Structures are given as C-alpha cells and as structure tokens.
Amino acid sequence: MKVNWEALGITIGLIMVAVSILVVGLMARTKMLGLTVRAATLEKQIETGVKRNIIAHEYAFSKARCEKRAITLDDLKEGYALADKFIRGK
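If you're matching positions, the sequence shown starts at 25 in the numbering used here and goes up one per residue.
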C-alpha cells in the first residue's frame, strides 16, 4: 500500500487548524460569559447606587424645603441612612 504523504500532511494540518479554531472559540465563549456576568453585576451596582442617591437627595431637599432652610450635611447623612434601610430591606 502506497501512502500519499503530501495529502496525509495536508489532512493532518487541516485537522489541527480546525481543532485550534474550536478551542479558541470555546475559550472566547467562556470569557464572554464571564464578562456578561460581570457586566450584569456592575449594572445592578450602578442602579442601586443611583437609587440610593436619588432617595438621599430627595429626602434632604424635602426636609430642607419643609423647614425653609438650606440643605445641610446632616440632611444628606439622614437621607443616605434612610436609603440604605430601603435598599437593604428589599
């Protein structure tokens, strides 16, 4: 039996290229899934932070407006404490 070494070499080379493309694709998929999870986590953290700021500032503005005075640092501290209670209470 005569072996065509050139065809065998090309076939093995193509198989190796296909396997390497498959491996790179699987690695890229794994990394993309990890990035997607991290992006979703970051999005939740940003959303929570924005909600916290809105609650705290609204509380400070409302309290100062009711008392007809300027906003103080204590108003903001109380607002953030209230916001933390709302967010952690969920």
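Glycine included, each C-beta is placed from N, C-alpha and C at the ideal position.
As the structure is a computational prediction, the values presented were derived from the model and not from experiment.
Reduced DSSP category for residue i - H, G, I as helix; E, B as strand; rest coil
i, result
"T35", "helix"
"E91", "coil"
"M25", "coil"
Residue span of the alpha helix (DSSP H) that contains residue i, given as start and end
i, result
"K101", "L97 to G113"
Check: residue i C-beta below 6 Å from any heavy atom of the ligand FMN
i, result
"K55", "In the structure on display, the ligand FMN does not appear, and there are no ligands present to speak of."
Outcome for residue i when other beta-carbon atoms lying within 10 angstroms are tallied against a minimum of 16
i, result
"G103", "buried"
"D99", "buried"
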